[in-house]
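Residue numbers (this note's numbering), protein chains in the order written: chain A, 65 to 548; chain B, 65 to 548; chain C, 65 to 548; chain D, 65 to 548.
For glycine and all other residues, C-beta sits at the position ideal for the given N, C-alpha and C.
Below: one structure, written as structure tokens.
4 protein chains.
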Amino acid sequence: MGIDHGVGKAVKKAVQTDGKPRDACGVFAVYGHEEAARLTFFGLFALQHRGQESAGIAVADGCRIRERKGMGLVSEVFQEENLKKLPGTMAIGHVRYSTTGSSVISNAQPFLVHHADEYYALAHNGNLVNAQALRSALEDKGSIFQSTMDSEVIIHLMAPHLKDRFEDALVNALSQVRGAYSVVMLTKDKVIATRDPRAFRPLSLGRLDHHGWVIASETCAFDLIGAQYLRDIEPGEIVMIDESGLRSLNPFPAVKPCHCIFEMIYFARPDSQVFGENVYLCRKRLGHRLAKEFQPGVDLVMPFPDSGNYAALGYAEESGIPFEMGMIRNHYVGRTFIQPTQIMRDFGVRVKLNPVRPLLRGKRVLIVEDSIIRGTTSRNRVRNLRENGAKEIHMAVSCPPTRFPCPYGIDFSSKGELLAAREGSVDAIARFLGLESLHYLSLEGMVAATGMPADQFCLSCYTGNYPIVPPESLEKLCFEKQGK
Amino acid sequence: MGIDHGVGKAVKKAVQTDGKPRDACGVFAVYGHEEAARLTFFGLFALQHRGQESAGIAVADGCRIRERKGMGLVSEVFQEENLKKLPGTMAIGHVRYSTTGSSVISNAQPFLVHHADEYYALAHNGNLVNAQALRSALEDKGSIFQSTMDSEVIIHLMAPHLKDRFEDALVNALSQVRGAYSVVMLTKDKVIATRDPRAFRPLSLGRLDHHGWVIASETCAFDLIGAQYLRDIEPGEIVMIDESGLRSLNPFPAVKPCHCIFEMIYFARPDSQVFGENVYLCRKRLGHRLAKEFQPGVDLVMPFPDSGNYAALGYAEESGIPFEMGMIRNHYVGRTFIQPTQIMRDFGVRVKLNPVRPLLRGKRVLIVEDSIIRGTTSRNRVRNLRENGAKEIHMAVSCPPTRFPCPYGIDFSSKGELLAAREGSVDAIARFLGLESLHYLSLEGMVAATGMPADQFCLSCYTGNYPIVPPESLEKLCFEKQGK
Amino acid sequence: MGIDHGVGKAVKKAVQTDGKPRDACGVFAVYGHEEAARLTFFGLFALQHRGQESAGIAVADGCRIRERKGMGLVSEVFQEENLKKLPGTMAIGHVRYSTTGSSVISNAQPFLVHHADEYYALAHNGNLVNAQALRSALEDKGSIFQSTMDSEVIIHLMAPHLKDRFEDALVNALSQVRGAYSVVMLTKDKVIATRDPRAFRPLSLGRLDHHGWVIASETCAFDLIGAQYLRDIEPGEIVMIDESGLRSLNPFPAVKPCHCIFEMIYFARPDSQVFGENVYLCRKRLGHRLAKEFQPGVDLVMPFPDSGNYAALGYAEESGIPFEMGMIRNHYVGRTFIQPTQIMRDFGVRVKLNPVRPLLRGKRVLIVEDSIIRGTTSRNRVRNLRENGAKEIHMAVSCPPTRFPCPYGIDFSSKGELLAAREGSVDAIARFLGLESLHYLSLEGMVAATGMPADQFCLSCYTGNYPIVPPESLEKLCFEKQGK
Amino acid sequence: MGIDHGVGKAVKKAVQTDGKPRDACGVFAVYGHEEAARLTFFGLFALQHRGQESAGIAVADGCRIRERKGMGLVSEVFQEENLKKLPGTMAIGHVRYSTTGSSVISNAQPFLVHHADEYYALAHNGNLVNAQALRSALEDKGSIFQSTMDSEVIIHLMAPHLKDRFEDALVNALSQVRGAYSVVMLTKDKVIATRDPRAFRPLSLGRLDHHGWVIASETCAFDLIGAQYLRDIEPGEIVMIDESGLRSLNPFPAVKPCHCIFEMIYFARPDSQVFGENVYLCRKRLGHRLAKEFQPGVDLVMPFPDSGNYAALGYAEESGIPFEMGMIRNHYVGRTFIQPTQIMRDFGVRVKLNPVRPLLRGKRVLIVEDSIIRGTTSRNRVRNLRENGAKEIHMAVSCPPTRFPCPYGIDFSSKGELLAAREGSVDAIARFLGLESLHYLSLEGMVAATGMPADQFCLSCYTGNYPIVPPESLEKLCFEKQGK
């Protein structure tokens with residue numbers, strides 16, 4: 065998509081992601097709690113790993129909607145005094161990475177409009193693949209967009225019909241968009257949640273003390289606020305919650321789900337239930353599978369903190385090889401940072417992690433990684449281990465090579481930046497990373513570890529088989545992203 | 065109008081205006097200077113007295129428009145590093161008081177949209193009287209508004225026609241709005257300026273070093289940047305400036321002008337030419353007229369700094385009575401301030417002005433004021449003078465009693481708050497203010513001092529004869545403003 | 065003195081003084097008011113013209129002293145929430161320019177120490193001429209200084225004797241320092257005020273509602289807070305105020321006073337009584353004298369706002385020549401500012417003042433100035449008047465040529481930067497400024513206008529006769545200041 | 065100590081320590097690198113765990129010392145632009161917790177003075193036990209202290225002798241102080257490092273690229289900047305580094321070392337060498353010992369992240385019981401935080417850690433902890449585990465019960481707050497924590513795991529045998545700390 069308005073103040077992407085992909089966002093909603101904004105704050109806090117670029121909360125009190133959003137972490141955007149200015153019993157919230165639209169405050173969500181004396185707010189996880197075409201058609205008819213987010217299209221599609229029934233306007237709008245959406249909406253007196261028919265991204269429903277409802281991208285948000293996980297929002301379902309209770313609509317024909325398997329591998333928090341499975345246990349099973357497929361002779365197995373922790377634990381458990389935490393993480397690595405200058409080369413990698421030299425000296429080491437995207441960070445860490453005395457370094461990755469970009473809401477680097485797409489063979493990748501040996505978990509092994517059937521997943525980043533073809537060629541998508 | 069979105073962060077109106085009316089805004093534009101944003105900064109700086117609530121600059125470089133705006137003074141919103149991020153040779157700028165719409169950042173101007181891959185920015189001085197009705201109709205058709213400003217209506221009226229010719233879209237939009245507008249617009253490659261057919265508010269055209277053009281609400285902005293004043297934008301004229309030069313359109317039938325006489329009396333800077341006249345000399349003539357109409361026996365004549373300075377000078381000149389500066393202004397009175405508590409009553413009036421007691425003790429004093437709106441500040445100052453020993457206090461005002469609110473862009477208090485409307489007789493007003501005697505300049509005297517014919521002016525705040533009837537009753541307008 | 069610690073954060077001197085000299089500081093104290101800090105805030109606010117670089121308040125509650133100080137204006141350093149954290153019924157305050165010591169926060173006053181379980185705070189206006197020698201001797205014995213201020217010497221001289229009687233320690237310390245000091249001090253339960261035997265700088269005593277006391281550099285501070293002016297602190301007097309009331313000490317032999325006449329000419333606010341005289345009326349008398357000494361043929365007389373206002377009024381009154389306000393001041397000129405670039409030369413002078421061209425065109429103009437120090441600003445303004453059409457420009461200055469630097473607390477430029485010292489003859493100065501003619505008031509005329517005998521004044525900046533010779537040669541003093 | 069000046073702005077202790085003791089500080093120094101300040105920034109960054117309340121850097125360029133310090137983390141106090149203002153090839157730095165003195169900026173270190181035209185800066189880890197008595201004596205003689213830090217005494221003791229030889233002044237001062245000190249000092253042209261004769265706190269010396277020297281509290285700082293660890297500063301040694309190289313002085317008679325064993329157990333980073341031993345391996349050996357002493361029947365062993373990680377790994381390795389990471393840490397837990405209100409009780413414990421319920425349900429769990437001080441956090445976590453389904457919860461602690469406060473620089477809670485001192489028996493502690501069983505590692509086992517002889521350690525927090533008796537009774541010390 066990548067429209068650049070040039071409006072507003074661009075924010076530097078200082079977030080440190082170690083070359084890992086970044087998710088599309090996290091959403092949260094609450095209905096029927098007298099401290100709805102505060103609860104949403106905690107919900108977003110638990111979902112912070114899904115988006116660290118901006119955060120926002122919109123809250124309704126039966127008459128109007130108030131909102132606060134800003135660039136930065138949830139705890140940076142919201143302080144006690146802000147929350148006090150957000151009264152009401154209904155709220156939605158959002159944390160964001162910019163998978164479409166620029167990294168500017170005007171693109172932060174929830175997206176709030178005041179239209180014909182009513183308020184509407186929307187928060188969205190996922191990517192719409194036909195947003196650009198819909199936008200152009202709307203602009204020709206006179207619609208003026210405020211942001212560069214694909215999500216704004218939904219509101220504009222609804223606008224001419226809002227003087228009639230809200231839910232008809234919503235169904236009408238959703239019937240025109242294609243792609244991935246886990247959406248929560250807020251009006252002055254109701255909360256709405258919906259998930260696209262293929263259910264690419266997670267979205268769960270919970271109960272709060274018997275008289276309130278909560279909705280969240282991941283169940284770890286329910287744990288934090290003491291809510292009870294009930295079930296996932298169904299593929300294609302629209303849930304509307306107001307004073308008469310919860311109503312469920314299923315206006316669209318059923319299709320096969322396409323859950324994003326990368327949520328299991330990397331994105332979701334290990335303490336969440338995602339697509340019905342516990343992530344921690346699933347990742348340990350990925351480690352078990354790895355140990356069955358690949359056992360070079362090593363003295364110890366370890367993760368790079370904190371990426372492959374659970375797969376590494378599973379690997380050690382299955383293989384009987386000792387598990388160590390051989391690189392120590394500096395807990396104070398924040399987001400603003402002073403750069404070492406040329407005089408002090410090679411600091412970068414050591415600022416975050418420091419190897420325990422007496423532990424590693426002369427050892428044969430197996431690193432278990434969850435995934436490799438660009439590979440540059442891994443390469444630096446491998447070199448750092450080598451300089452600290454490791455004799456052999458092997459690596460096992462808990463998924464197959466990631467070869468194709470994602471149009472459904474994950475900010476993979478373009479195809480050109482995907483290490484596996486660029487280097488081709490596993491041997492070449494191992495050479496690039498400086499490893500004695502490298503093994504990727506097989507597709508079958510990965511799916512088997514989830515405990516779910518393969519046809520429930522979107523595996524397109526491994527296979528290139530896209531369940532919904534985006535209108536622009538993927539290469540073009542990549543190119544635009546590189547140009548950013 | 066007074067729609068309150070509830071969107072955005074409300075800003076406290078801390079601006080100290082001494083109970084004086086506040087103007088609707090100041091606008092500025094430049095075409096053809098390589099430091100367009102910097103020039104606009106200085107232009108707005110010279111126009112700061114027309115609006116101290118927010119400031120903004122939009123600049124075009126032939127490809128796109130960049131913008132910065134914020135709450136506060138021009139010098140607070142813009143620093144050196146901001147200006148550097150606003151490259152381009154065309155710019156428009158705006159300083160604002162909130163006569164319609166809330167005092168929030170989303171209501172700051174210029175108003176910028178990105179529509180169908182083009183950028184449009186607009187800055188507006190004046191009030192549209194049918195904005196609310198137009199907005200409702202547009203919303204019914206699906207338009208989503210971003211602000212509560214009347215000015216936004218113009219862009220939405222243009223939007224469906226922008227894929228055709230820009231100037232047709234503009235003429236079509238302007239043909240639908242009624243009220244006062246001195247507007248400057250910016251596209252990626254041209255600057256547009258237009259003034260409503262009755263030309264309520266000033267708007268002047270200047271030349272910059274023979275190859276650039278400037279437009280400003282007042283000519284004092286030209287003086288600061290070293291530009292040459294050419295002429296006023298004509299009533300109803302649309303001026304378009306692009307690489308082929310300046311073109312003038314006059315698409316609307318001519319009507320009699322209705323210049324706001326209050327610009328001469330109070331608003332405009334004394335060093336400006338407004339409606340073709342020099343303001344300083346005009347105000348001295350108002351003082352001459354006052355001296356002819358009213359001469360109580362006094363020892364000295366003085367203004368309250370800095371409101372009636374020039375009329376007071378004129379009065380002293382005509383009457384031969386000594387001119388004094390008997391109240392000393394604290395130059396450090398800013399906008400944030402610590403309040404004296406109950407224990408320290410009566411500080412308020414002294415914080416800003418301190419009478420020179422040895423000068424005033426036992427004297428008969430004539431205060432010359434430009435105008436009286438609410439009267440509370442004047443009353444406090446009169447009492448303060450009395451406490452410092454003045455024996456008699458008389459007052460002469462350089463315009464008639466202000467009895468009617470203004471729907472064309474001046475933020476007079478509602479009718480209920482207008483002292484002259486509430487108290488009725490001049491004697492009652494004098495009693496309220498605590499004066500020995502009070503004289504208002506006659507309507508004829510005021511108009512004669514301007515040197516222009518009476519039928520060129522809007523005199524409705526004195527006479528109640530409105531040249532364009534606003535759709536809502538004026539009483540309702542007042543009520544809404546009070547409710548704020 | 066000019067010791068540069070290099071400790072702390074230097075603050076850019078952005079204060080705009082139009083080339084005028086800057087005073088040494090203002091001090092304020094209150095005893096016996098339950099909102100002592102708030103009262104001190106207002107007192108400092110009234111004294112802001114005496115120092116705009118830093119501000120501070122120390123407050124005592126009978127047990128301890130709390131303090132807040134910072135760089136910037138009083139209204140910038142203090143907000144409502146700060147004042148709330150400063151409880152107590154006794155307070156002292158200070159506003160500062162850096163005449164000695166660097167412009168850093170560690171040099172802001174009041175200077176507060178915690179010594180042997182007691183607190184002592186001090187605020188000082190004036191310069192000590194033997195501070196450097198005293199400091200060296202103290203350091204040799206082991207004293208460690210915290211700032212580069214001459215004022216700190218007083219506390220260190222007191223420290224070894226503080227375990228005995230406070231007032232003996234103070235008299236002992238003051239008997240060792242030489243130079244100008246108007247000082248207020250605070251302990252946990254008393255307020256002390258003292259003035260050097262020659263009484264260079266003003267210091268007045270006032271009564272607050274019959275049960276409280278106030279002390280201030282100028283009486284305008286009393287007016288603001290509604291206090292009654294009683295008398296000046298006497299030369300060499302020490303006033304101690306505690307629960308047993310006010311006590312006065314006169315431990316030093318009497319000498320002839322040396323009041324700084326520049327307080328009357330320029331520094332003090334026109335609404336203050338200084339050295340027993342009203343400043344406004346005194347300045348008008350300076351204008352009368354000027355008119356008697358010098359009457360070139362002109363059409364109008366005017367000040368440059370706001371420097372020579374009252375002398376100009378006096379001149380016009382005496383001469384009968386019309387008084388005009390021919391240059392309009394932009395009230396929004398603040399302290400941070402965007403610079404015009406080379407492309408926009410000559411903005412500088414116009415940003416602050418704009419001449420009223422139709423008033424000045426073809427006229428013979430007399431400018432009345434209070435004083436001329438460096439002359440560069442005046443020269444620019446004269447040129448600006450000329451460019452706006454003035455036919456002849458004459459100038460009358462309300463004091464003699466300023467030819468010698470001041471070691472007693474006024475930050476005159478060094479001798480090399482004093483226009484009159486550099487150019488020599490009045491004719492040369494007139495040429496430098498671009499004037500048709502120039503007249504300085506005679507020394508006799510100046511003194512006569514004050515209504516006080518000449519031998520009560522320090523006239524050393526005009527005559528070079530220094531009542532206390534500073535240990536370093538004045539040339540060295542100048543040199544150091546230039547090196548800054 | 066706990067002198068409260070009441071000077072300056074107190075800072076809320078928002079640092080989250082989970083009830084763990086806080087160290088006295090970290091110090092760092094560099095000599096002979098052209099980016100000394102930047103290197104010191106990175107050194108302090110690696111030592112951040114030793115003090116999170118304030119950070120400071122002083123840098124010398126051969127002529128003068130410049131400094132910056134502030135409250136907060138190293139990365140908050142320093143930004144790129146600050147470092148640029150700190151040129152020079154020598155520097156010292158400090159991170160701090162307030163074990164003596166208030167938590168205010170005036171107590172941040174390095175402590176810098178400008179004395180008799182020379183600069184001296186000092187940074188100190190440890191506590192002096194006779195600081196109060198020395199201070200009183202100095203004040204009686206006229207010294208004025210700037211802070212409430214014990215460290216300031218050293219400078220004042222040196223001051224009267226500084227006009228003679230620096231090293232004599234230092235030896236003289238150190239001969240008078242008693243207690244724990246690992247100190248680095250800076251003059252305009254040299255760096256000094258010294259450690260008290262008992263060497264309570266660590267201090268190491270390193271080499272930088274063959275021509276520079278570095279000193280740090282822990283060797284992990286050397287790893288980050290690529291320096292080579294050479295040796296520890298010896299007990300009682302003074303190291304002076306200047307242009308003629310490194311010189312070592314040993315002016316004090318040798319005594320037996322008293323290394324703080326708690327550095328091994330908890331404080332030091334696992335990747336540091338402390339007192340000659342690698343901390344990671346030492347902690348694993350503590351786990352081995354624990355497994356030999358205590359084996360309840362459990363299904364899994366886990367730490368509370370991230371306190372007992374390495375001892376837990378050692379325990380699992382020795383016992384063969386599976387190691388799990390059963391509580392997931394929220395990586396975004398920062399230092400400012402919105403409090404859950406009463407309506408949302410019990411959030412507190414879950415904000416930081418969330419148990420993986422499917423992993424723990426029905427299991428018998430062994431928690432391995434490094435140490436228990438107050439026990440409240442542990443109790444909450446145990447309850448949280450129980451609520452999430454753990455069937456049995458046992459705990460093993462890698463040191464004996466902590467029963468006595470520390471006067472040498474560790475901010476243990478007062479004796480009344482030490483869980484083991486208050487509850488007495490291990491059974492009572494287990495009941496308080498809600499455990500099925502609890503085991504503390506034996507004193508012998510702990511010492512044996514270090515691999516060093518017992519008489520090299522200070523074990524007073526376990527045994528109550530203090531190697532240097534503090535002048536105030538320990539109970540009084542405790543009482544004062546509670547009163548804070």
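Cβ-based burial, D/ASP273 [other Cβ within 10 Å; buried from 16]: exposed
Contacts that A/PRO224 makes with chain B (C-beta to C-beta distance below 7 Å): LYS205, GLY206
Residue-level contact to chain A via CB, B/HIS179, 9 Å cutoff: yes
Contact list for C/CYS284 against chain B, beta-carbon separation under 8 Å: ILE392, ASN418
Reduced DSSP secondary structure (H/G/I, E/B, other) of C/HIS395: coil
Coarse secondary structure for D/GLN292, derived from DSSP in three states: strand
Selected residue, minimal CA-CA separation from A/PRO299, among A/ILE457, A/GLY290, A/ASN314: A/ASN314
Neighbour flag for B/SER200 against chain A, beta carbons, 9 Å: yes
Reduced DSSP secondary structure (H/G/I, E/B, other) of A/LEU424: helix
Reduced DSSP category for D/GLY378 - H, G, I as helix; E, B as strand; rest coil: helix
Identified DSSP bridge partners for C/ARG130: C/VAL123
Min CB distance D/ILE289 to chain A below 9 Å: yes
Min CB distance D/GLN520 to chain A below 9 Å: no
Completely contained alpha helix (DSSP H) runs for the segment 293-327 of chain A, where each covers 4 or more residues: none
Supposed contact pair B/LEU111 and B/VAL141 - C-beta distance, whole angstroms, cut 8 Å: Not quite, the Cβ-Cβ distance comes to about 14 Å (not below 8 Å), so this is no contact.
Beta-carbon neighbours of B/GLU381, restricted to chain C and to distances below 7 Å: PRO386
D/PHE368 versus A/PRO422 - alpha carbon distance: 25 Å
Cβ distance (whole Å) where B/TYR472 is taken to contact B/GLY115 below 8 Å: No, B/TYR472 and B/GLY115 are not in contact; Cβ-Cβ is about 16 Å, not under 8 Å.
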